[in-house]
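All remarks here apply to the structure that follows.
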Amino acid sequence: MIKRKDKIIRPKMEVEIAGIKLRNPIMPASGTFGYGEEFAPYLDLNSLGAIVTKGLSLNAKAGNRTPRICETVSGMLNAIGLQNVGVDVFIKHKMPFLEQFDTPVIVNFFGNTQDEYAEVAARLDGVPGVAALEMNISCPNVKHGGIVFGTDPKAIHEVVSQVRKKTSKPLIVKLTPNVTDIQVTARAAEEAGADALSLINTLTGMAVDVKTRKPRLANTIGGLSGPAIRPVAVRLVHQVVQAVSVPVIGMGGITRAVDALEFLIVGAKAVQVGTANFVDPTAMSTILDELEEFCLTEGIEDINDIIGSLVV
Amino acid sequence: MIKRKDKIIRPKMEVEIAGIKLRNPIMPASGTFGYGEEFAPYLDLNSLGAIVTKGLSLNAKAGNRTPRICETVSGMLNAIGLQNVGVDVFIKHKMPFLEQFDTPVIVNFFGNTQDEYAEVAARLDGVPGVAALEMNISCPNVKHGGIVFGTDPKAIHEVVSQVRKKTSKPLIVKLTPNVTDIQVTARAAEEAGADALSLINTLTGMAVDVKTRKPRLANTIGGLSGPAIRPVAVRLVHQVVQAVSVPVIGMGGITRAVDALEFLIVGAKAVQVGTANFVDPTAMSTILDELEEFCLTEGIEDINDIIGSLVV
Amino acid sequence: MKNLKTVVLSNQEISPGYYRMRILAPDYTRLAKAGQFIMFRVQRSLLPLLRRPFGIFRTGFMPADCETMPPKEFIEIIYKVVGGGTEIMRELHHGDSVEILGPLGNGFEFGEPGEEKVLVGGGIGLVPLYMLAEKLVEESRVRLYMGGRTRDDIITVTEFERLGVRTHVSTEDGSVGDTGLVTVGLEKKLQEGGKMTVYACGPMPMIEAVEKICRRYGVPLQVSLEALMACGVGACLGCVVKGAGHSDSTPSYLCTCKVGPVFDAKKLDWGNSPEQSVGNCGGCQ
Amino acid sequence: MKNLKTVVLSNQEISPGYYRMRILAPDYTRLAKAGQFIMFRVQRSLLPLLRRPFGIFRTGFMPADCETMPPKEFIEIIYKVVGGGTEIMRELHHGDSVEILGPLGNGFEFGEPGEEKVLVGGGIGLVPLYMLAEKLVEESRVRLYMGGRTRDDIITVTEFERLGVRTHVSTEDGSVGDTGLVTVGLEKKLQEGGKMTVYACGPMPMIEAVEKICRRYGVPLQVSLEALMACGVGACLGCVVKGAGHSDSTPSYLCTCKVGPVFDAKKLDWGNSPEQSVGNCGGCQ
Ligand SMILES: Cc1cc2nc3c(=O)[nH]c(=O)nc-3n(C[C@H](O)[C@H](O)[C@H](O)COP(=O)(O)OP(=O)(O)OC[C@H]3O[C@@H](n4cnc5c(N)ncnc54)[C@H](O)[C@@H]3O)c2cc1C
Ligand SMILES: Cc1cc2nc3c(=O)[nH]c(=O)nc-3n(C[C@H](O)[C@H](O)[C@H](O)COP(=O)(O)OP(=O)(O)OC[C@H]3O[C@@H](n4cnc5c(N)ncnc54)[C@H](O)[C@@H]3O)c2cc1C
Ligand SMILES: Cc1cc2nc3c(=O)[nH]c(=O)nc-3n(C[C@H](O)[C@H](O)[C@H](O)COP(=O)(O)O)c2cc1C
Ligand SMILES: Cc1cc2nc3c(=O)[nH]c(=O)nc-3n(C[C@H](O)[C@H](O)[C@H](O)COP(=O)(O)O)c2cc1C
Ligand code: FES
Ligand code: FES
């Protein structure tokens, strides 16, 4: 127990994932934090556990037609279509900004084919300042023969193995929630060499404008994120933690420290904050304050004591 | 166009599902409307399209330990554990009440084994006043060798075929959303003889009390329902409508007529209202009023003109 | 039993964290029985989604705004701010729209006339006992043992006294009344003997202690329980408690909203510790 | 650019369905440029989840409540009630807490001093033009063509007149000003010739019509666009519009929140009908 009467001992917040030391378990979710610079006016990037950048492809990608977003009950749908500047422009023009900070940079990426995945990973491999790669196999917009990459354990095993060969950086594989049994896909990624897993990506969803009778997204179908999906995300993280031995990064609908704690308690080593950054660009700094406050009140000296502490 | 200056012509609301004529497309979702009698003080049961009763098993079932429910952001989790009076008590003590009304009664049921499914269906087959059976193959609480019945196309085909043999009543198969490809499970049910499909049952979810570090449900995992899940439900109904030729009943997070309309527009022939009945026992009557109002304002003479009218 | 779209008449903090809300409620003086509750819709929003259950503290009439009109019927609830829903409720003002479903559930049995009646309330658990006391004082001597953590948790006791109820207050920190648990006074009373019925509402540990004492002295007990509720009308089956004789092989679950919230203690299973997380009734927060 | 936790100073209906809200906003008189916007957090709830974007109508100072204090800086927004968020906003009162992120986006270019400036506003699209007019009248003659469906949609025109702006009003139903579309007057003006710059904000069909006319007469045009926005800071990429030269093979998407909301018309793609559903700016509801 921390003696509150004596001088206040600040709880230890450091966590380690696949060999990367994070000063705390809070980081943004890919695609909700741009390339970091968009949030610099609002947030001290040196206060975060890590920075996770928008998903990169081999070449620049224009993304989908609009409308691309739509609000839903306590959530939002998006079908951005993975618009990004491409891996080379990122390395040349976006990394220098990020290297100013003393915070690990996790670079999210994807490909339309296995070779493209491997090529992007290869190009990022040598880049100094890139702490880890997060491989998005789960975006509902990336189709492969009509099926999402990350729903098929065989496809996962192949593409992750191929990427694994191309990079010596820690490799985080980001899983899709839109599967019957996430333990199967999680194990496929682990066996193929993932150093860590992150989840969840968005749930596939759709909304209709009842006046025009058109889908609210030009793409008809999109990804649901935000507080609405949190119970599904917590359940999936719980299941994955039980199925694998690599560390797990949890996310889905986190807006407050209590939300982050649900994921840590079921066993996530760190969490990502997504949609909440849109609602409030200072969200992560509030979450960090609340998390410290929670540890102080509950007498928790080290955040690692919370991780996986679920009582069943 | 309806001439509003002349006398107001009330829009036609009748729909037909698997040979059953419904006076309108609004009915409760199983497990949220008890055996009907609980809502009689609040709602005219003769105003509904149909009445759908709590899931029945062969023998009475006590259900799970408590806590069984927990509120989430714009939704709720439940792990009731299918507590019910059993098929025989239902027939003897609950049907007489329901037969007073001029509204088709759809009886939801399940089994722990294939034989049990078949036996419950058989017992309901001869019962006058039962308009159709809704077969719940999707409850996350019903495990079969550790796996949910309704996630495996083969298991679906077998159990639906077996039930099909035991009943001459229209058979509605209720699908689980917790699958990688709902078109596959939908087709399995159709091929095995389902006259209609209904979806979605609840999404599997979980919540944690961060102070006690215990799951909020005694059962750890439960089913997420309510407005939060609607985008996922609309997407799944959209996909199923495209995959099968039998009629589809849509549900998931409906609280207002505009919500119901999303499902009808993507092609559901009728909809079920679940969690909203808890929030407001008069919810369905408000939805019916709003639906008529919508048709009048939009100049829709027949609700069937809305069904499947999605513009893509 | 109906869903009433109505308005708040007043909403005031009566003790730190405790609020008393008066709601316009036609027919409730006639319909509401002691021990019943309402499901309160905080606002026409989907967040919070579910209604919140609150015991009916009392019903009454107040003068209409204009003399030629009949007096207005109201109910009062008293609530403790414990979470999201009650946080929003505290902000409600005179004239704000709300919806209440009720009166719901089964109320108290009044026992034999003449015998002494002993009420035991813990914190906010006092709420359903007031209408009971109003009724019981007509034919019986009534005594109230009221407990709380601190003086802040001791609410509306003077109103019980005005009914002629003999009150005994105790707090855990001794800030008012006796120091200690409410059950100490109760046990002394029961030791004295005599025919009586006990009525208890409060945090689960208090109710369990009361039950043990009453069983020991063979005194009939009615308890008012809390449970997590989604519907309040017996449809969701979320609010069950274990009935007497419950076991894993012959389970018996009773709906708190329908069979309860008031139960004859003999009808419940006291063997195992209670499963249902019973909200935050009283000082147990 | 910062997230400001602040309070509402006033919030009044200025025409049926249109509200003007004054918000305490330190530094905004210095920071805010004509054409910029804020992201408004309706309430600290998760429903509605996303902030709502609103143009800054004007900034200013008002006397503090007490004489020894410096005057208070404020911004004003004018909004039309169109859905869930604005429905909640209309209920806000003096003193209520709100959060605003801003000032965001790029504002108007002021063009060459001396040449005539022609503003075209449709309904609520008038909002960002007021601060522009304040600036332009310093060095140029300014004319405003203001259109709406009915007289209810013609807002704050007298305030433009007080700045010395020559105003021309038209409504579709003729309830005030000329009958017909706002573009009729604009086209006449452009026919007269002379060096000028046009600035337009309003429903997309109006903006497209204005663009066609300006292109025909070779007059430079700046437009302020609306788009569905999640973040307002260039992170979500939800708010894009097609840039000039956009094609399926060489797509060009520009963020309305970062590159815009004000665009030089030449930088945009006018070939296809605009894809983005542009909310409910003005009479297009
Ligand atoms: C029959 C009955 C009568 C009640 N009478 C009163 C009363 O007179 N005065 C009073 O202050 N409280 C009463 N309660 C408890 C009251 O319902 C809860 O305190 C209230 O719902 C909390 O809402 P919240 O949104 O503020 O808290 P939440 O943020 O939802 O939760 C805070 C805590 O309250 C509990 N809680 C939440 N929802 C419920 C629910 N539906 N039922 C029970 N507990 C819940 C949770 O377990 C949690 O620990 C009664 C409960 C029942 C079942
Ligand atoms: C840069 C910019 C400046 C704006 N300035 C003003 C202004 O000064 N005054 C004014 O009244 N309105 C302005 N708008 C439009 C305003 O943001 C929307 O009317 C408002 O967000 C609607 O919120 P709601 O919750 O009431 O409606 P909702 O229920 O969310 O939706 C109603 C309609 O509003 C549109 N809408 C919803 N969210 C947004 C959004 N984030 N951005 C754009 N449209 C949306 C939807 O397409 C829908 O048709 C501006 C929009 C932008 C992008
Ligand atoms: C607008 C938007 C864009 C996103 N882009 C990406 C992306 O490029 N790569 C990726 O792996 N995930 C992407 N995601 C998914 C998020 O990283 C995250 O997994 C998801 O939103 C759930 O978290 P949340 O509920 O906190 O938002 C995106 C999400 C949103 C809302
Ligand atoms: C408390 C509760 C009990 C339920 N019981 C059943 C059931 O017995 N059988 C069944 O098929 N579905 C059951 N369901 C699922 C609902 O019928 C419905 O599919 C689901 O709640 C989604 O709809 P909603 O979001 O409108 O609630 C239950 C749902 C809830 C919330
Ligand atoms: S609260 Fe729903 S059954 Fe009691
Ligand atoms: S609103 Fe998010 S990028 Fe413009």
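Chains as they are written, first to last, in the numbering used here: chain A, 5 to 316; chain B, 5 to 316; chain C, 29 to 313; chain D, 29 to 313. The beta-carbon is built from N, C-alpha and C at its ideal position, and this holds for glycine as well.
query: Minimum Cβ-Cβ distance from B/A200 to chain A less than 7 angstroms; result: no
query: is_contact[A/R72, chain D] using C-beta, thresh 7 angstroms; result: yes
query: Host beta strand (DSSP E) of C/C285 (start-end); result: Unbroken run through C/C285: none, as it is neither H nor E.
query: Residue closest to B/V212, alpha-carbon to alpha-carbon, out of A/E194, A/V241, A/T224; result: A/V241
query: Contact set between the region 250-266 of chain A and chain B, restricted to residues whose Cβ is under 8 angstroms from the partner; result: G257, V262, L265, E266
query: Within chain A, partners of B/H242 - CB distance below 7 angstroms; result: M210
query: Boundaries (first-last residue) of the alpha helix (DSSP H) holding C/S277; result: That residue, C/S277, is in no alpha helix (DSSP H); it is neither H nor E in DSSP.
query: Range of the contiguous beta strand (DSSP E) that encloses D/P81; result: 80-83
query: Chain F within 7 angstroms of B/G90, Cβ atoms only; result: The structure shown contains no chain F; its protein chains are A, B, C and D.
query: Cβ-heavy atom distance, D/A258 to ligand 6, below 6 angstroms; result: yes
query: 7 angstroms Cβ cutoff met for A/A264 and A/V275; result: yes
query: Nearest residue (CA-CA) to A/T189, options A/I311, A/T171, A/P157, A/T208; result: A/P157
query: Close beta carbons around D/F136, own chain, < 7 angstroms, minus the five adjacent residues each side; result: A62, G63, L160, Y227, Q250, V290
query: Spatial distance of A/V270 from A/L295 (CA atoms); result: 16 angstroms
query: Straight-line Cα distance separating A/G226 from A/V134; result: 29 angstroms
query: Simplified DSSP assignment, three categories, for D/M97; result: coil
query: Rounded distance between the beta-carbons of C/T199 and C/G205, thought under 8 angstroms; result: 6 angstroms
query: Counted within 10 angstroms of its Cβ, other Cβ atoms place A/R239 as buried (16 or more) or exposed; result: buried
query: A/G75 vs D/L78 beta-carbon contact at 7 angstroms; result: With the sequence shown as reference, residue 75 of chain A is identified as Glu, and Gly is not the correct amino acid for it. Yes. Within cutoff.
query: Chain C contact residues for B/G278, given Cβ-Cβ distances below 9 angstroms; result: Here the premise fails: no neighbours, minimum Cβ distance about 10 angstroms.
query: Inter-residue spacing [alpha-carbon to alpha-carbon] between D/L154 and B/E305; result: 39 angstroms
query: Counterpart residues of D/I206 in DSSP-defined beta bridges; result: Going by the sequence as given, residue 206 of chain D is Asp instead of Ile. D/S198, per the DSSP bridge assignment.
query: Closer than 6 angstroms: C/G262 CB and nearest ligand 5 heavy atom; result: yes
query: Inter-residue CB distance, B/S142 and B/K169 (contact presumed, cutoff 8 angstroms); result: Going by Cβ atoms, the distance from B/S142 to B/K169 rounds to 21 angstroms, so no, they are not a contact pair.
query: Separation of A/V93 from A/E41, as counted between CA atoms; result: 15 angstroms
query: Under 8 angstroms from the C-beta of B/N223: neighbouring residues of chain A; result: Per Cβ cutoff of 8 angstroms: no residues; B/N223 is ~10 angstroms from chain A at best.
query: Segment limits, beta strand (DSSP E) that includes C/E41; result: 30-43
query: CB contact flag (A/L137, A/L81, <7 angstroms); result: no
query: C/F65: CB within 6 angstroms of a non-hydrogen atom of ligand 1; result: yes
query: Distance between beta carbons of B/G38 and B/K58, contact taken as under 8 angstroms; result: 6 angstroms
query: Residue from D/R86, D/I152, D/I51, D/R194 with nearest C-alpha to D/R69; result: D/I51
query: Contact between the region 172-186 of chain D and the region 143-150 of chain D (3+ Cβ pairs under 8 angstroms); result: yes
query: First and last residue of the uninterrupted alpha helix (DSSP H) at B/I186; result: 186-195
query: Residue-level contact to chain A via CB, B/P45, 7 angstroms cutoff; result: no
query: Rounded straight-line distance, which links the Cα of D/P131 to that of A/K273; result: 37 angstroms
query: DSSP three-state assignment for A/K158, whether helix, strand or coil; result: helix
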